[in-house]
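Residue numbering for the sequence shown follows the numbering used here, beginning at 15 and increasing consecutively.
C-beta: ideal position from N, C-alpha, C; glycine also.
What follows is a short report on a single structure.
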Amino acid sequence: MSVTFAAAWLAAAIISHHAPALSARPRAAQAAAPRSISIEAERFSFTPSRIRVTVGEEIALRLRSADTAHGFKIEGTDINAEIPKRGKGEIVVRYKADAVGRYRFACSRMCGAGHDFMQGEIVVSAANEAKER
Ligand SMILES: [Cu+2]
């Protein structure tokens, strides 16, 4: 059996979403790398399916599949990526929410009977609320 594991590590597709900036100030203060969160997609759910962040926090969602190829879209954004099938690596989606709220994400690639139920949410709270949850 000759599995070329190196080939399975596809170059991560980096997708960025930023709301229009209010100012052109240099972002020197944001030197820290985005927090990395791993999500596994599997018919018909994402694990974890609820991601908690604070406003303005940039995260890197590392998505991989435990079975077939899936999709990952975040409503209200132009993020819509394909998660390669099991063993074919992961994709990294960068995301930053600029407003408090709940943002639904869902599978965007038909993957079977439960496809429509394959979703989750990103819960964005104000920085000073985060500790209470
Ligand atoms: Cu699907």
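### Message
Let's see if you can read the secondary structure: which residues bound the beta strand (DSSP E) around G134?
### Response
Translated into positions along the sequence shown, residue 134 becomes position 120. Where G134 is concerned, the enclosing beta strand (DSSP E) stretches over 133-139.
#### Entry: Residue from S63, A47, R49, E54 whose Cα sits closest to the Cα of I105
For this step, residue 105 is matched to residue 91 along the sequence shown. Ranking S63, A47, R49, E54 by Cα distance to I105 puts E54 first.
### Message
Measuring only the C-alpha atoms, how far is A113 from V138?
### Response
What you label residue 113 is simply residue 99 of the sequence shown in a count that begins at 1. What you label residue 138 is simply residue 124 of the sequence shown in a count that begins at 1. When rounded, the separation of the alpha-carbon atoms in A113 and V138 is 7 Å.
### Task
List the DSSP bridge partners of R76.
Here residue 76 is taken as the residue at index 62 of the sequence shown, counted from 1. In DSSP, R76 forms a bridge with S52, V106.
### Query
For A38, which residues of its own chain have a beta-carbon under 8 Å away from its beta-carbon, when the five flanking residues on both sides are left out?
The residue labelled residue 38 in the question sits at position 24 within the sequence shown. Annotation note: pLDDT 48 at A38 (below 50); position unreliable, coordinate value reported separately. Here the set comprises nothing.
### Query
For C121, which of S50, R57, A47 has the nearest alpha-carbon?
Translated into the one-based positions of the sequence shown, residue 121 becomes position 107. With respect to the C-alpha of C121, the residue from S50, R57, A47 having the closest C-alpha is R57.
### Query
Can you find at least 3 beta carbon pairs, one from the stretch 122-129 and one from the stretch 77-88, that sit closer than 8 Å?
With the cut-off at 8 Å, the stretch 122-129 and the stretch 77-88 touch.
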